[in-house]
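Chains as they are written, first to last, in this note's numbering: chain A, 11 to 348; chain B, 11 to 348.
C-beta: ideal position from N, C-alpha, C; glycine also.
What follows is a short report on a single structure.
Protein chains: 2
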Amino acid sequence: MLSERRLEVLRAIVQDYVGTEEPVGSKALTERHQLGVSPATVRNDMAALEDEGFIAQPHTSAGRIPTDKGYRLFVDKLAGVKPLSVPERRAIQNFLDGAVDLDDVVGRTVRLLAQLTRQVAVVQYPSLTRSTVRHVELLALAPARLMLVLITDTGRVEQRLIDCQTPFGETSLADLRARLNSRIVGRRFADVPQLVQDLPESFEQDDRATVSTVLSVLLETLVEETEERLMIGGTANLTRFGHDFPLTIRPVLEALEEHVVMLKLLGEAKDSGMTVRIGHENAHEGLTSTSVVTVGYGSGDEAVAKLGVVGPTRMDYPGTMGAVRAVARYVGQILAES
Amino acid sequence: MLSERRLEVLRAIVQDYVGTEEPVGSKALTERHQLGVSPATVRNDMAALEDEGFIAQPHTSAGRIPTDKGYRLFVDKLAGVKPLSVPERRAIQNFLDGAVDLDDVVGRTVRLLAQLTRQVAVVQYPSLTRSTVRHVELLALAPARLMLVLITDTGRVEQRLIDCQTPFGETSLADLRARLNSRIVGRRFADVPQLVQDLPESFEQDDRATVSTVLSVLLETLVEETEERLMIGGTANLTRFGHDFPLTIRPVLEALEEHVVMLKLLGEAKDSGMTVRIGHENAHEGLTSTSVVTVGYGSGDEAVAKLGVVGPTRMDYPGTMGAVRAVARYVGQILAES
DNA sequence: TCTGGCACTCGGCCCACGTGAGTGCCAGGA
DNA sequence: TCCTGGCACTCACGTGGGCCGAGTGCCAGA
């Protein structure tokens, strides 16, 4: 087991390395921190920490840098979450309050998060599966052509074109619309399939085929759109990644563009509470030299989506976690209000 | 005036430099191209081209590289547009044909363009101002709360919440919906204000306020949403920019994230035909070391939006222009079909 | 007007060297 | 048992000199 002081040494190493981006040596450590012991003692501690795999030496004659395992310990045991200052909080609120619609909310959140953390921000749109139906609309664009519009409680709108084999009367249409709405408005998307299951049976023989088609498109929309959307911003911050970054930045940019990859990443994170994945803990190859901090956000108690940042493993974890948590909180508030 | 052979030398320089990314010397030129003259002659030509500002030397003892002015001449006079191969065309069509909705079309187009050109792709969503109304829907979410949904011929959907001072009857609502649709469906957005101007007068005194509110929100939507949207992809290709790219890539990423900047850029391009802006021809500072190739696309004869790529000034202009033009054409077809 | 020849330039590469931060180890002291 | 100061060692990095070669400009001759 590591002694108290050795943990303190690790904390100091992480803090200094995050600040300077340079391997930190025993002498510099004792100068910058009140450890109460001499460099030689620190050296012994460092040797122990290295044996345990928490820190490593880039070259024999250089200082130490934390390993992924070291950061992990730091995050789990040594670092708190740094709360934002009052002006920062106020700025967040002001900035987000100006949003006019869902796209705007998400867009502003991405910018905000990227600016606050100086890293790449990722914000997932409120998920359809976890949200509820606000309204369903059916429009006849042509006698045998319908449009289905689905509006969620988070303000998201999905539309689908439907080609029917047979024309669908205006009265049948109104009927279907009314019944659909009465059944599913206010209900969760996940519950919809069950709720509409027996709907075709209550229609005239002639209309059943069309009603079934509409329902299947509706259900399809629910399933398809469960493939979530997200917005990414602050990629310019990648240029502050490190010195060697041509090699580093490339796979990261590629991963960020593959929204599927990012969604999987978010999916792997806890639904509630903050998740920090450090370096090789990230399954995706391109992200093994990054850390990902994510947290769920939602309009109520429950998270409807996640947001977070992607940055170098050498990041200011307490600060980043503080910013991510604060932003998620305010976004939740905004969503609840709208 | 530049002689035929000197133009040929310039062409050769551009081609070689684009291929190798290295300053090209007189000897290498004569070896790789059948110019029919000796290196010494080429040297004289190069000196002339340098005097005129078409090429430059990075260092005294190095070969020449084209200047922005050189690329300009190359694009205007020396380069054609390289048509895509049949398999490439087929691949484009297959890829785009799979799209299910507008977002998907734009998303696929961005990917396609980025992959084909190995550069950053920018695709503008079909603009509202130039498109026409397919349908307007009014929904009562609550007695005094309406939702306006606007559907364009390009498949775009905009929705707005409307709070009314007084409740609005179901019959009045149906009436307004019907009248609105009969007046503006199929019309261009730009014409809408005129077409609905006198609508409130034909309603009962009680409803006029609400009708006016709805109309003003409708018009507002038209105006606000004229602020166009765009999608960007292929930023990972920036890493192939050049050797010195930490400095180069940063401002480019920043510019790309500022959609306003990119929209302005697209706005400055010609509405029809292809526009190539080379290096310092781009007004935005961050893009002075890039070239931007754009072209309008649309479902009919007229362009409804633009798309293009951003790459290093040292790019394969004929190939890029060919790809951009081909993609624009196919996207236009897809939009026309849907 | 083109060509071959020639002297010149200069960036890139290699190597050698000195410097200094940092280390590991050890013996002595609390 | 743990901490400390001392000491020899390692090695990345920066500097400076020297060589190399691609590329140039110029010039005289065809």
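Determine the contact status of residue i and residue j, defining contact as a CB-CB distance below 7 Å.
i	j	result
MET272 of chain A	VAL132 of chain A	yes
GLY73 of chain B	VAL19 of chain B	no
THR323 of chain B	VAL303 of chain B	no
MET241 of chain B	VAL116 of chain B	yes
LEU158 of chain B	ARG170 of chain B	yes
GLN134 of chain A	GLU238 of chain A	yes
ALA109 of chain A	ARG118 of chain A	yes
VAL286 of chain B	THR300 of chain B	no
GLU168 of chain B	THR231 of chain B	yes
ASN247 of chain B	VAL120 of chain B	no
ARG260 of chain A	THR220 of chain B	no
Does the beta-carbon of residue i have 16 or more other beta-carbons within 10 angstroms, so that it is buried, or is it exposed?
i	result
ALA333 of chain B	buried
GLU211 of chain A	exposed
ARG166 of chain B	buried
GLY46 of chain B	exposed
SER95 of chain A	exposed
VAL341 of chain A	buried
ASP55 of chain B	buried
HIS145 of chain B	buried
GLY306 of chain A	buried
THR164 of chain A	buried
ASP107 of chain A	exposed
ALA265 of chain A	buried
ALA293 of chain B	exposed
ALA57 of chain B	exposed
Could you give the distance in angstroms between the alpha-carbon of residue i and the alpha-carbon of residue j?
i	j	result
VAL233 of chain B	THR40 of chain B	58 Å
GLN175 of chain B	PHE213 of chain B	16 Å
LEU17 of chain B	VAL28 of chain B	16 Å
THR215 of chain A	ILE172 of chain A	Note that residue 215 of chain A corresponds to Gln in the displayed sequence, not to Thr. The alpha-carbon atoms of GLN215 of chain A and ILE172 of chain A are separated by roughly 19 Å.
THR162 of chain A	ALA315 of chain A	14 Å
GLY63 of chain B	ALA22 of chain B	16 Å
PHE251 of chain B	ALA38 of chain A	39 Å
ASP311 of chain A	SER282 of chain A	10 Å
ALA154 of chain B	ARG198 of chain A	25 Å
GLN204 of chain B	ALA152 of chain A	26 Å
THR51 of chain A	SER36 of chain A	9 Å
PRO97 of chain A	LYS280 of chain A	30 Å
THR181 of chain B	SER192 of chain A	19 Å
LEU88 of chain B	HIS43 of chain B	15 Å
VAL270 of chain A	GLY243 of chain B	14 Å
ALA66 of chain A	ILE102 of chain B	49 Å
ASP26 of chain A	LEU83 of chain A	16 Å
LEU229 of chain A	ARG187 of chain A	15 Å
SER222 of chain B	ALA150 of chain B	16 Å
ASP61 of chain A	LEU12 of chain A	11 Å
PHE105 of chain B	GLN343 of chain B	13 Å
LEU345 of chain A	SER71 of chain A	54 Å
VAL24 of chain A	HIS69 of chain A	18 Å
Using only alpha-carbon positions, find the residue among the options that is nearest to residue i.
i	options	result
GLN207 of chain A	A:THR119, A:ARG189, A:ASP216	A:ARG189
LEU263 of chain B	B:TYR307, B:VAL270, B:ASP111, B:THR245	B:THR245
ILE194 of chain A	A:ASP173, A:SER141, A:ILE344	A:SER141
LEU123 of chain B	B:SER13, B:GLN25, B:ARG339, B:LEU112	B:ARG339
ASP358 of chain B	B:LEU345, B:TYR327, B:ALA346	Within the shown structure, residues of chain B are numbered from 11 to 348, placing residue 358 of chain B beyond reach of any answer.
LEU59 of chain B	B:THR70, B:SER95, B:ALA50, B:PRO76	B:PRO76
GLY318 of chain B	B:ARG155, B:ARG250, B:SER309, B:VAL337	B:VAL337
SER309 of chain A	A:GLU347, A:LEU297, A:LEU229, A:THR181	A:GLU347
ILE288 of chain B	B:LEU229, B:ALA109, B:LEU225, B:TYR81	B:TYR81
LEU148 of chain B	B:ARG121, B:PHE178, B:GLY243	B:PHE178
PRO136 of chain B	B:ARG218, B:LEU186, B:GLN103, B:ASP113	B:ASP113
GLY296 of chain B	B:THR258, B:ASP201, B:TYR307	B:THR258
PRO93 of chain B	B:THR127, B:SER48, B:ASP26, B:LEU186	B:THR127
ASP201 of chain B	B:VAL143, B:LEU160, B:ILE65	B:VAL143
LYS79 of chain B	B:THR298, B:ILE344, B:LEU345	B:THR298
ARG15 of chain B	B:SER48, B:GLU32, B:ASN104	B:SER48
GLY196 of chain A	A:LEU12, A:ASN104, A:LEU160, A:LEU156	A:LEU160
VAL91 of chain B	B:ARG335, B:ILE344, B:LEU345	B:ARG335
Exercise. Which runs of the beta strand (DSSP E), 3 residues or longer, sit entirely within the region 247 to 299 of chain B?
Worked result: 284 to 288
Problem set entry | beta strand (DSSP E) runs wholly inside the region 100 to 142 of chain B, at least 3 long, in chain order | 130 to 134
For this session: Counting only runs of 4+ residues fully inside the region 179 to 219 of chain B, write out the alpha helix (DSSP H) ranges in chain order.
Result: 180 to 194, 202 to 206
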